[in-house]
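Accompanying notes for the structure given below.
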Amino acid sequence: PVILRGSETGNTYDIAFEAGAGDVGRNFGPPIWLYMPLPFELPDSLYRAIPDYKGTNMGGTAAQRRAAFEKIYEKTAKGSWLLRGGRNPGYEARPELWAMLEDAGYPVDKAEYKEGKTLRAVTILFKVSSYRADRGVLLEDIHIESSSGYSDIDDAVRYGFTRGEFRNSGAISVNGRFTYRF
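Numbering (the numbering used here), first residue to last: 1063 to 1244.
This is the structure:
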């Protein structure tokens, strides 16, 4: 079997693939923590600390980044910021917000979604198809085998996991197991 291990912002993961005839694995994908539930309430000091960012995909001036923040959060009468409607945005909107929160000094490794919870590891069973020129390699039969205990966190891990690209040079699909620990 092939086993890959890694860590990100206080979380760890491993991916195990059954042995197959060929090269199988998960290529780079965005970090899974970028899809986790956003904090419900944030202090104004964090909002004011959002800096300019000159990187790719999530760039912009501090003013542009604060404008993006204000689409997701609203300021309260007491000066803090709450998620609009009390709900997290869709997964695709979360990476930009997490990046700016991290840049502003938010302790991502101690994120609010972890507070007061005993999060169990999320384990996902899946298959990686063989390569075909007309479609490449597909992720198949994705199933959450064991839950963190919170469906919103399980769903975020599943979504983030599927954002990676996979490879399988063998002639048949290969089974795998992904475990994400908090």
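Don't be surprised by glycine CBs; every beta carbon is placed ideally from N, CA and C.
Since the model is a prediction, treat every value here as computed from it, not as a measurement.
Exclusion of the five residues before and after G1211 leaves R1182 as the residues of its chain whose Cβ lies within less than 6 Å of its Cβ.
In the structure shown, F1131 falls within a helical segment according to DSSP collapsed to helix, strand and coil. For the pair of segments examined, the segment 1144-1157 was found not to touch the segment 1166-1173: the number of CB pairs separated by less than 8 Å stays below three. Runs of the beta strand (DSSP E) lying entirely within the segment 1138-1165, each at least 3 residues long, are 1143-1145 in chain order.
Using a Cβ-Cβ distance cut-off of 8 Å, the segment 1237-1244 and the segment 1069-1088 are in contact, since at least three pairs of beta carbons, one from each stretch, lie closer than that value.
Straight-line measurement puts the Cα of F1223 at about 15 Å from the Cα of N1237. L1066 carries a strand assignment under DSSP once its states are collapsed to helix, strand and coil. Straight through space, the alpha carbons of F1102 and L1145 are spaced by roughly 5 Å.
Under DSSP, the beta-bridge partners assigned to F1228 are R1088. Buried is the label assigned to I1077, since at least 16 other Cβ atoms lie within 10 Å of its Cβ. For S1209, there is no enclosing alpha helix (DSSP H), as DSSP gives it neither H nor E.
For the pair K1137 and R1067, the Cα-to-Cα distance works out to about 40 Å. For R1239, the enclosing beta strand (DSSP E) begins and ends at V1236 to R1243. Pairing G1091 with G1198 gives a Cβ-Cβ distance that is not under 8 Å.
In the three-state scheme derived from DSSP, where H, G and I count as helix and E and B as strand, G1222 is classed as helix.
A Cβ-Cβ separation of about 5 Å places N1230 in contact with V1086 under the 8 Å criterion.
Here DSSP, grouped into helix, strand and coil, assigns K1179 to coil.
The straight-line gap separating the alpha-carbon atoms of A1081 and G1232 is approximately 10 Å.
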